[in-house]
Each structure stands twice: as C-alpha cells, then as structure tokens.
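Participant: What follows is a structure written as structure tokens; I'll ask about it next.
In the working numbering, the protein residues as written are 17 to 363.
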C-alpha cells in the first residue's frame, strides 16, 4: 500500500440489516468497520459526499442484506491509499487525488467514511465542482452515456429524433445535456408533466416536450415526428412496448433502463432493436475494462467546459443514519426532480 499518512482510526459505515420501511427509525444503522486496505488495482477513498438513487431504495426495501450491508453507488472524495497494479493495469492515482465514481453493486457501497474501490471504475473529479455536486453525477451520467452512445450508437454527426421517456429523472436530465453537447443535430423530445417540468427539461437541452400525463403519448409524439423517431430512451417501459412499436421509425432502436420482462415482439415488423442498459455490467463482468474511467474523465471535461451541469436539487447533511433515511424517503416518493445528495460527516 502507498499512503502518505497512517491509517485512519475509524471508518463509520451506514447500512441496513433488514428490509424495513423508510419510515422505521431502524431502517439504517451505523457501525464501525475496519478501514479497508487497497488490493491490487484498488484505491481507498475518503468519501466526502454521496447521492441516493432508485437502486439504493430498491435494495434497501427488497434485497436480503445477509447481515450488515452498506449501500451507495455515487460518491466523490479523496484518495488516501493506493494498491499495486491490477487486472486493468496500473492504478493511475496518487494519494490526495480528488475522484468521483459509482463503483460496483457487488461490493460494499459508498455510505461509509472510507471505501475501497477498483481504480478502473474511478475518474478524476471535475475541477469546477465541489464534492457534493460531483457526487450527484457518476451513476446517472454513466448510465446516460452508455445508453445513448453505446447501446443506441448515437454519433456526433447523427441527425434524427430521440424520444426521452423519464426526462426529469436523474438519468434523463443528464442525458439531455450529453446529447446537446455531443450530438447537437439530434433533436430530443422529452416527456414532462406540467409547466415546471417542461421548463426544467428545456433548460437541460430538450428541443420539444410532450406531457405524457395529459393525453395519448403516441399521438403527441407523432404530431412532432410524423415519420417516427429514430431512437427511444426509456426509464418507464412497462406496458409501453406497443406504443414504442408505433412511434419508432423502421430500423430504429429503443434502450430501457428499468427492470422486468418485456414482450418485444411488436417491434419486429419495423425491425426495431431493443437494448437493455445496466450501468454495473462493466463492474460485474468486464474485470479488465477501463471504459468507465474514460467516460468519467470525458464527462469531467464536459463539466469543466460548462457543457454539463449537475442536477442536484436537494442537499442534506451530515452523513448519518437519520439523514440517509430522509434521503431515501425523498427518492422513494418518486416525485423528486433532480438528485438528492448527502454530504459531510459529523465533527
């Protein structure tokens, strides 16, 4: 291990031991864990801020913790220890580097003071962002980037219409900015319910908006794109495949980030491709891949250039069982626009 200081004496972790409702004061508990030592290919990060995503809420409510489990898949902090070379090559970081990352769903998460994380999944934090703002972006931005540029294959010089279903959510709000910055000739049509939501997504880059709660989505989309849209991104695909089959142009494509089985047979007549996007695939199944580090570094450049901004709307603190429970409560309502961040530690 390479470190410039003795190991910290206390690693406070916030986790859950049972699937309790967020209203239960015992939904989260705090425990002292050993300060992790970095394995080859890893860094240990002093976590300064985290954000809460729907995946955290789903796991707390439904996934068997198998004891004490630490969640958290969005973090920003400072490297305090560095391991040796790993499967993906040299670590590439030094003690003192400020970083951001989502990490792996298969490992203890970022809701702890010190976290060991694979360096290949870590990027350098944007210079222009503080830790709280930076912690709001990794998971959603990685998901949006992979969904649009990897799964759908949108390129810089592409033209066409992209329907964004779930545009006001964490992923959708970053996706709109990424498309505006990296594929400026693609027209985004964003779903938004109400005037405030419509203004929000237009600020982020949406060219057009459709109120999916005020009428027939198919009719509203085809009024804007009579020949159909070229692509669809969706975070709400349940019960919608037949609608997509009617609004996507022949040889188009759909990418979904939600869960559940889908009958995609209605897409066959138009030869429309269906893609799944799961941000943790790289962490779980590609141990030598450094793709996500590259995406995070490219994203940092876009942030520092002013092309992408965080979508934090709520910041809580300091990190504790109580503030994390409140963050989960807010996200669980499903009515939060933007991201919920928890920053700082007591004392």
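Where a beta carbon is used, it is the ideal one built from N, C-alpha and C, also for glycine.
I need the straight-line Cα distance from residue 329 to residue 72, nearest angstrom please.
Facilitator: Start at 1 with the first residue of the chain shown, and residue 329 comes out as number 313. Start at 1 with the first residue of the chain shown, and residue 72 comes out as number 56. Going from the Cα of residue 329 to the Cα of residue 72 covers about 18 Å.
Participant: Alpha carbon to alpha carbon, how far is residue 18 from residue 113?
Facilitator: Mapped onto the chain shown, residue 18 falls at position 2. Mapped onto the chain shown, residue 113 falls at position 97. Confidence at residue 18 is low in this model, with a pLDDT of 47, below 50, so its placement is unreliable and no value can be given for it.
Participant: Quick check on the DSSP output: what are the complete beta strand (DSSP E) runs of length 3 or more inside the stretch 143-199, in order along the chain?
Facilitator: With a minimum length of 3 residues, the continuous beta strand (DSSP E) runs that stay inside the stretch 143-199 are 176-181.
Participant: Roughly how many whole angstroms lie between the Cα atoms of residue 200 and residue 172?
Facilitator: Here residue 200 corresponds to residue number 184 of the chain shown, with the count starting at 1. Here residue 172 corresponds to residue number 156 of the chain shown, with the count starting at 1. Looking at the two C-alpha atoms, the distance is approximately 7 Å.
Participant: Expressed to the nearest angstrom, what Euclidean distance is found between the alpha-carbon atoms of residue 190 and residue 327?
Facilitator: Counted from its first residue, the chain shown places residue 190 at position 174. Counted from its first residue, the chain shown places residue 327 at position 311. So the two alpha carbons sit approximately 8 Å from each other.
Participant: Among 46, 158, 307, 167, whose alpha-carbon lies nearest the alpha-carbon of residue 30?
Facilitator: Position 14 of the chain shown, counted from the start, is the residue given in the question as residue 30. Nearest of 46, 158, 307, 167 to residue 30, Cα basis: 46.
Participant: Are the stretch 269-283 and the stretch 151-169 touching, with three or more C-beta to C-beta distances below 8 Å?
Facilitator: They touch, by the three-pair rule.
Participant: Residue 110: buried (16+ other C-beta within 10 angstroms of its C-beta) or exposed?
Facilitator: The sequence position of residue 110 within the chain shown is 94, counting from 1. Result: exposed.
Participant: Which partner residues of residue 10 appear in the DSSP bridge assignment?
Facilitator: With the chain covering 17 to 363 only, the question about residue 10 has no answer from this structure.
Participant: Quick one: is residue 293 buried, meaning 16 or more other Cβ sit within 10 Å of its Cβ, or exposed?
Facilitator: Within the chain shown, residue 293 is the residue found at index 277, counting from 1. Buried, because 16 or more other Cβ atoms sit within 10 Å of the Cβ of residue 293.
Participant: So, under 8 Å CB-CB, residue 192 and residue 206 are touching, yes? Tell me the CB distance rounded to an integer number of Å.
Facilitator: Along the chain shown, one-based indexing puts residue 192 at 176. Along the chain shown, one-based indexing puts residue 206 at 190. Going by Cβ atoms, the distance from residue 192 to residue 206 rounds to 6 Å, so yes, they are a contact pair.
Participant: Which residue or residues does DSSP assign as beta-bridge partners of residue 348?
Facilitator: Counting from 1 along the chain shown, the entry for residue 348 is found at position 332. Its beta-bridge partners do not exist; DSSP assigns none.
Participant: Should residue 359 go down as buried or exposed, given a rule of 16 or more other Cβ atoms within 10 Å for buried?
Facilitator: Here residue 359 refers to the residue found at position 343 when the chain shown is read from its first residue. Buried: at least 16 other Cβ atoms inside 10 Å.
Participant: Which same chain residues, not among the five before or five after residue 124, have their C-beta less than 6 Å away from its C-beta?
Facilitator: In the chain shown, counting from the first residue as 1, residue 124 sits at position 108. So the list reads 86, once near-sequence residues are dropped.
Participant: Taking Cβ positions, are residue 182 and residue 204 nearer each other than 8 Å?
Facilitator: Position 166 of the chain shown, counted from the first residue, corresponds to residue 182. Position 188 of the chain shown, counted from the first residue, corresponds to residue 204. The answer is no: Cβ separation not under 8 Å.
Participant: At the level of alpha carbons, what is the spacing between residue 55 and residue 218?
Facilitator: The sequence position of residue 55 within the chain shown is 39, counting from 1. The sequence position of residue 218 within the chain shown is 202, counting from 1. Near 45 Å, if we compare the C-alpha coordinates of residue 218 and residue 55.
Participant: So, using beta-carbon positions, are residue 135 and residue 65 closer together than 8 Å?
Facilitator: The count along the chain shown starts at 1 and reaches residue 135 at position 119. The count along the chain shown starts at 1 and reaches residue 65 at position 49. No, Cβ-Cβ distance for residue 135 and residue 65 is not below 8 Å.
Participant: Would residue 202 and residue 243 qualify as a contact pair, given that the criterion is a beta-carbon distance under 8 Å?
Facilitator: As a working mapping, residue 202 is identified with position 186 in the chain shown. As a working mapping, residue 243 is identified with position 227 in the chain shown. No, the Cβ-Cβ distance between residue 202 and residue 243 is not below 8 Å.
Participant: Considering only DSSP beta bridges, list what residue 67 is partnered with.
Facilitator: Position 51 of the chain shown, counted from the first residue, corresponds to residue 67. For residue 67, which the question treats as bridged, DSSP gives the partners 357.
Participant: So, helix, strand or coil for residue 212, using DSSP?
Facilitator: Locating residue 212 in the chain shown gives position 196, where the first residue counts as 1. Of the three classes helix, strand and coil, the one that applies to residue 212 here is helix, per DSSP.
Participant: If you follow the alpha helix (DSSP H) that residue 237 is in, where does it begin and where does it stop?
Facilitator: For this step, residue 237 is matched to residue 221 along the chain shown. Start and end: 233-240.
Participant: So, helix, strand or coil for residue 72, using DSSP?
Facilitator: Along the chain shown, one-based indexing puts residue 72 at 56. Looking at residue 72 - three-state DSSP - the assignment turns out to be helix.
Participant: Given a cut-off of 8 Å, decide if residue 278 and residue 264 are closer than it, judged by their beta-carbon atoms.
Facilitator: Start at 1 with the first residue of the chain shown, and residue 264 comes out as number 248. Start at 1 with the first residue of the chain shown, and residue 278 comes out as number 262. Cβ distance not < 8 Å, so residue 264 and residue 278 don't count as in contact.
Participant: Which two residues bound the contiguous beta strand (DSSP E) that contains residue 48?
Facilitator: Along the chain shown, one-based indexing puts residue 48 at 32. Note, residue 48: beta strand (DSSP E), 45-49.
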